[in-house]
Every structure is written in structure tokens, then in C-alpha cells.
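Structure first, commentary second.
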Amino acid sequence: MLTNSLVELDRRHLVHPVSSFRGHEARGVRILKSAKGATVTDAEGRQLIDGFAGLWCVNAGYGQESVIEAAAEQMRRLPYATGYFDLGSEAPIRLAAELAERSPGDLNHIYFTLGGSDAVDSTIRFVRYYWHAKGQPQRDQFISVEQGYHGSTTMGAGLTALPGFHDGFGVPYAWQHKISSHYLYRNPLGDDPKTVIDASVAELRAKVAAIGEDRVAAFYVEPIQGSGGVLVPPKGWIKAMRDVCKELGILFIADEVITGFGRTGPIFASAEEGIVPDFMTCAKGLTSGYVPMGAVFMADHVYDTIADGAGAKAVGHGFTYSAHPVSAAVALEVLRLYEGGLFDNGIKAGARLMAGLESLRDHPLVGDVRGRGLLAAVELVTDKDKKTPLPAEVQPATRLLDRAWDQGLIVRSFAQGVFGYAPPLCCTDSEIDAIVERTRTVLDLTL
Ligand code: PLP
1 MLTNSLVELD RRHLVHPVSS FRGHEARGVR ILKSAKGATV TDAEGRQLID
51 GFAGLWCVNA GYGQESVIEA AAEQMRRLPY ATGYFDLGSE APIRLAAELA
101 ERSPGDLNHI YFTLGGSDAV DSTIRFVRYY WHAKGQPQRD QFISVEQGYH
151 GSTTMGAGLT ALPGFHDGFG VPYAWQHKIS SHYLYRNPLG DDPKTVIDAS
201 VAELRAKVAA IGEDRVAAFY VEPIQGSGGV LVPPKGWIKA MRDVCKELGI
251 LFIADEVITG FGRTGPIFAS AEEGIVPDFM TCAKGLTSGY VPMGAVFMAD
301 HVYDTIADGA GAKAVGHGFT YSAHPVSAAV ALEVLRLYEG GLFDNGIKAG
351 ARLMAGLESL RDHPLVGDVR GRGLLAAVEL VTDKDKKTPL PAEVQPATRL
401 LDRAWDQGLI VRSFAQGVFG YAPPLCCTDS EIDAIVERTR TVLDLTL
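See the structure below:
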């Protein structure tokens, strides 16, 4: 009864992110009530394994008492402190220092945001400021990668290269350019790493030349493209792109909003790729989704350029909730849990998940299995040789997700019939095995 009235209130008043307003009104909301570890319970008491960690964010798993206690303790002592006017508080300062110690190279300066989209948006602002400070304000053109996702603020949505985030909004803007994705499974050049890397390098160079070498401000990449369908670049692709940017004097931004905090194994995927970006963005796993927080990491030379450029003037960028002490206290505790065993468990669980999903390759609907660590995808096709995507009437996200839900599994479905996985790092062997088994059942039911 209570559930019915909530569904009705939701239908009338709550606007959901990234959903078909009318479709949602017709289907109604599924209400989650509680969660522990990797299991969530819905309003009807049904238990499901959260194979997507909320929205690839609850890396530490649900119900971590020490995290809850850290938030409560910070709220009791000091629930809010601004960073404006030279003020501050202990938790964000400690967190910035801890993160700087663990970040690749000299990414020593950290600006806290509320999530990933405003972290990306902040980098756009800081990049512009950087080039003004360098005396090159004409460098105002940005390049990102097709299939990429960089959030949905007005400016960041234009770096995002998924049509669903552009249609009807009038983005991208003329200053936002794209190069092709590596997307190995569907790359017209095939999946030979060297061929794909060489082609991307050539395309980036050509794009910069076409825009004008002295006009390009920055290049954005995800170490693994998440919302585009978990597209893993060939080893060396990121490094090659980083090298081109360095050579051409273009700032390189690694968007680690998904890949940060153990999702692929190490704390940051950039380190694994052997690169040091000029900027790095994080969110999600930073607080494991318990409270909102994102971060922009700046390399020493970026910070110094902006600082020197501003001189005694304030750098006019900031939010009321930048460096929120409760979020920072949560992030510090989450980091302690990660390093106290969750990162190790995540590596073990990731290997098991990848092996389990690989075992699905024999299924007639499975065209591709890809991923790294606890970030994975299975791409479904009706013809393996021709790589024919599932027909439109079978693949709508809701259909596949409903079927998974009925099996007690939450996953995400992307365009082209791709199942995405990002379970919490705390998953046990039996939970990982259940994710794989339930996926097989869903595929059998979809045949
Ligand atoms: N960047 C990447 C790579 C993401 O995957 C996301 C969200 O999924 C964002 C940015 C935006 O983050 P948020 O949803 O926290 O605003």
C-alpha cells in the first residue's frame, strides 16, 4: 500500500535523471529500501545482487558502519565549513594530502567538487584560465573521444559523445571536437593494437591540424570508456595519446570518475597506463557513493601557472559545497577501508568476474566480453560473424534489465545490447559466481 502511494507520488513529482519522462510515468519507479554489502532489498522484500554498485560508485559496498560513523561524527562536530575567504576544515585538508600522496606523478593539488560532472566542468574552467595565464587565450578548442562520457553539465555534456546527451539540448558547441573511439570489437580497422593506436594518433594529429595547432586547449579521455559500453583501449593507446598531447603542447585530462578507486584494480588507472595527466578527475568511488563528492587533481605546472596568473586576485571558481567536511570525512574512511583489504579483494573478485564472463562466450548471443578488474561488459549479438546487434524490440534497456531484475541481479544495459558490470569491491566468490550464472539465465531467456 505504502509502495503504491510512493509510486504515485514519484510519478507526479519526482523528475528522474536520464530517463524517458513518459516511459517512466508508464512503468513506475522500482523502490529500493535497504542494502548491505553487495545486496540490495526492494520495497517488496526481494533481494538482488547489485552488479553495478549503484551507478558504478558504491565500491566499498553498502552498510559499512565505520563510514556511517565517520559521517555522523563529522556532522556532530562540524557539519559544514566553507573553503572561501581562506577558511577551511581538517578533513578536506587531510584528504587532499592523502590523495596527493597516492596520485600519479605530480598531481599534487586537489580541488573538491560535488561529483563527476562538476569536476569535469571545473577542468574546462581551469583549462581556460591556464591558457589565459599563459598568454594564449586563443586556445579555446577542446577535443574528446566518440563514445566518451564526461557528465551532463552544459559544458561537459558537449565533451560527452553519446547522442542521447546531445539530442534536444543544442550541444556540442562549435568548440567541442571529437576523434573516433578505439572500440576494438567494432573498429573498422580490426582489433590489432598497433593499427588502432597508429590510426588514433594520426586522427588526433589531423584533428589538431584542422582546428589549428595554437587553438587547441585540451584533450579528454577516460582510461576505459564507461558509459560508451565499457570500451577498453589496447595497451599503449592512452600513453600514445598522452605523448601526442605533450608533443603538441595540449593539456591532457584523464577522466577517472569511473576508473578511480580500485574499479580496475589499482587506485587510479592512469598509473597503470604509465602516464601522468595534466589534470585528473574523480568522483564515485572517492566516497563510495555514501555522500556526494568529486575531485580535480592538478599537476604542479598547472597549479603554478594558474596561481602565478592570478597573482593577488581570487581565481573566481567555487561552490558552496566545495571541500565539504562530511564528504571528506567519509572519503578518508572509505580510503582506509580500501587499503585495509577492499582493494585486494577487488583484484581477486575482478579476476573471478572476468573469468566467469569469459565462460559465457559459448552462448549464442554473446559477441564480445571485455573489461578490466571489476569493470566489465558483455556485448550481445544475434549473429556472431556479422556482429549483428540485438533487434530494437529485444534490446531496450528496460527489457533486459527487467529480465535481470527478475533473476535477482542489477546490471546496466547500454545501447547496442551491452550488459555492463561494476559490482562492489567487497563481493564474495559466491556473489561473483551468482552474477555470472544469473546473466546466463537472462541470456537463455532472451534467445
Ligand atoms: N565522467 C565520467 C567518466 C563518468 O562516468 C561520469 C558519470 O558516470 C561523469 C564524468 C559524471 O559524474 P557525475 O554523474 O557524478 O556527475
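Each step along the sequence shown adds one to the number in the UniProt record's numbering, with nothing skipped, and position 144 is 144.
Virtual Cβ for every residue (Gly too), placed ideally from N, Cα, C.
Return the chain-ordered ranges of every beta strand (DSSP E) run that is complete within the region 327-404 and spans a minimum of 3 residues.
-> Runs of the beta strand (DSSP E) inside the region 327-404: 366-372, 375-383.
Drop a sphere of 10 angstroms on the beta-carbon of A422, count the other beta-carbons inside from all chains shown, and report buried for 16 or more, exposed for fewer.
-> Against the sequence shown, residue 422 aligns to sequence position 422. Burial check for A422: the Cβ neighbour count within 10 Å reaches 16 or more, so the residue is buried.
Close beta carbons around F52, own chain, < 8 angstroms, minus the five adjacent residues each side = For this step, residue 52 is matched to residue 52 along the sequence shown. Once the five neighbours on either side are set aside, the close Cβ partners of F52 are I410, V411, R412, G420, Y421, A422, P423.
Is there at least one non-hydrogen atom of the ligand PLP closer than 8 angstroms to the beta-carbon of E222?
-> Your numbering for residue 222 matches position 222 in the sequence shown. Because some heavy atom of the ligand PLP lies under 8 angstroms away, the Cβ of E222 counts as near it: yes.
Could you spell out where the beta strand (DSSP E) holding Y130 opens and where it closes?
-> Indexing the sequence shown from 1 puts residue 130 at position 130. Where Y130 is concerned, there is no enclosing beta strand (DSSP E), although the alpha helix (DSSP H) it sits in stretches over 116-133.
Should the region 64-74 be called in touch with the region 300-311, which here means at least 3 C-beta pairs below 8 angstroms?
-> Verdict: no, contact absent.
Roughly how many angstroms lie between the CA atoms of R352 and E101, to the nearest whole one?
-> The residue given as residue 352 occupies position 352 in the sequence shown. The residue given as residue 101 occupies position 101 in the sequence shown. Going by the C-alpha atoms only, they are around 30 angstroms apart.
Three-pair Cβ contact test at 8 angstroms for the region 334-345 versus the region 197-206 | Output reads no: the region 197-206 does not touch the region 334-345.
Can you give the beta carbon distance from A43 to K33, rounded, assuming they're within the 8 angstroms contact cut?
-> Your numbering for residue 43 matches position 43 in the sequence shown. Your numbering for residue 33 matches position 33 in the sequence shown. Contact between A43 and K33 holds, with the beta-carbon distance rounding to 5 angstroms and staying under 8 angstroms.
Should the region 303-315 be called in touch with the region 167-182, which here means at least 3 C-beta pairs below 8 angstroms?
-> No: the two stretches stay apart, fewer than three of their Cβ pairs being nearer than 8 angstroms.
If we call anything under 9 angstroms between Cβ atoms a contact, is residue 452 one with I143?
-> This structure cannot speak to residue 452, because the chain is shown only from 1 to 447.
Whole-angstrom Cβ separation of P188 and P234, contact assumed at under 8 angstroms?
-> As a position in the sequence shown, residue 188 is number 188, starting the count at 1. As a position in the sequence shown, residue 234 is number 234, starting the count at 1. The C-beta distance from P188 to P234 rounds to 15 angstroms, too long to fall under 8 angstroms, and the pair is not in contact.
Identify every residue that forms a DSSP beta bridge with I143.
-> Taking the first residue of the sequence shown as 1, we reach residue 143 at position 143. As DSSP reads the structure, I143 sits in a beta bridge with H177, F219.
Kindly provide the ranges of any alpha helix (DSSP H) runs that are 4 or more residues long and lie completely inside the region 247-311, ordered along the chain.
-> Listed in chain order, the alpha helix (DSSP H) runs fully inside the region 247-311 are 269-272, 300-310, counting runs of at least 4 residues.
Burial state of L9, where buried means 16 or more other Cβ atoms lie within 10 Å = Here residue 9 refers to the residue found at position 9 of the sequence shown. Classification of L9: exposed, given that the 10 Å Cβ count is below 16.
Helix, strand or coil: which one does DSSP assign to S152?
-> Locating residue 152 in the sequence shown gives position 152, counting from the first residue. Three-state DSSP puts S152 in coil, outside helix and strand.
Enumerated in chain order, which unbroken segments of the alpha helix (DSSP H) with a length of 4 residues or greater are wholly contained in the region 18-56?
-> Fully enclosed alpha helix (DSSP H) runs of 4 or longer: 21-27, 53-56.
With respect to 8 angstroms, is the separation between the Cβ of H166 and the closest non-hydrogen atom of the ligand PLP below this value?
-> As a working note, residue 166 is residue 166 in the sequence shown. Every heavy atom of the ligand PLP is 8 angstroms or more from the Cβ of H166, so no.
Specify, as a first and last residue, the run of the alpha helix (DSSP H) that V315 falls within.
-> For the purposes of this step, residue 315 is taken as the residue at position 315 of the sequence shown. Per DSSP, V315 belongs to no alpha helix (DSSP H) and is neither H nor E.
Locate the beta strand (DSSP E) running through I93, then write down its first and last residues.
-> Counted from its first residue, the sequence shown places residue 93 at position 93. Counting along the chain, no beta strand (DSSP E) covers I93; the unbroken alpha helix (DSSP H) around it starts and ends at 90-102.
Which class does L6 belong to by DSSP, given the choice of helix, strand or coil?
-> Position 6 of the sequence shown, counting from 1, holds the residue named residue 6. In this structure, L6 counts as helix in the three-state DSSP scheme.
By a C-beta neighbour count over all protein chains shown, 10 Å radius and 16 as the cutoff for buried, is M155 buried or exposed?
-> Residue mapping note: residue 155 aligns to position 155 of the sequence shown, counting from 1. Classification of M155: buried, given that the 10 Å Cβ count is 16 or more.
Would you identify the three-state DSSP class for Q225, choosing helix, strand or coil?
-> Here the question's residue 225 lines up with position 225 in the sequence shown. In the structure shown, Q225 sits in a strand (DSSP, three-state: E or B).
Best match in S5, L48, L114, I49 for proximity to G28 [C-alpha to C-alpha] = As a first step, residue 28 is located in the sequence shown; it is residue number 28 there, counting from the start. For the options S5, L48, L114, I49, the alpha carbon positioned closest to that of G28 is the one of S5.
Go through its chain and collect everything with a Cβ distance to I110's Cβ below 6 angstroms, but skip five positions before and after it.
-> What you label residue 110 is simply residue 110 of the sequence shown in a count that begins at 1. Cβ neighbours of I110 beyond the five flanking positions: A96, L99, A295, F297.
For A269 and T259, believed in contact at Cβ under 8 angstroms, the rounded distance | For the purposes of this step, residue 259 is taken as the residue at position 259 of the sequence shown. For the purposes of this step, residue 269 is taken as the residue at position 269 of the sequence shown. T259 to A269, Cβ: 4 angstroms. Contact.
To the nearest angstrom, report how far apart A415 and G229 are at their CA atoms.
-> Translated into the one-based positions of the sequence shown, residue 415 becomes position 415. Translated into the one-based positions of the sequence shown, residue 229 becomes position 229. In this structure, the CA atom of A415 is about 8 angstroms from the CA atom of G229.
Could you please give me the residues that DSSP links to G420 through a beta bridge?
-> Start at 1 with the first residue of the sequence shown, and residue 420 comes out as number 420. Answer is A377, R412, bridged to G420.
Closer than 8 angstroms: is that where the CB of V257 sits relative to any heavy atom of the ligand PLP?
-> For the purposes of this step, residue 257 is taken as the residue at position 257 of the sequence shown. Within the chosen limit of 8 angstroms, the ligand PLP reaches the beta carbon of V257 through at least one heavy atom.
Compare the C-alpha of L332 against each of V369, P389, E73, A312 and name the closest.
-> As a working mapping, residue 332 is identified with position 332 in the sequence shown. Of V369, P389, E73, A312, the residue nearest in Cα terms is E73.
To the nearest angstrom, report how far apart D106 and F279 are at their CA atoms.
-> Taking the sequence shown and counting its residues from 1, one reaches residue 106 at position 106. Taking the sequence shown and counting its residues from 1, one reaches residue 279 at position 279. Cα to Cα, D106 sits roughly 10 angstroms from F279.
CB contact below 9 angstroms: M298 versus chain D | Absent from the structure is chain D; it holds one protein chain and no more.
When every heavy atom of the ligand PLP is checked, does at least one fall within less than 8 angstroms of the C-beta of T281?
-> Position 281 of the sequence shown, counting from 1, holds the residue named residue 281. Look at T281: its beta carbon is less than 8 angstroms from one of the heavy atoms in the ligand PLP.
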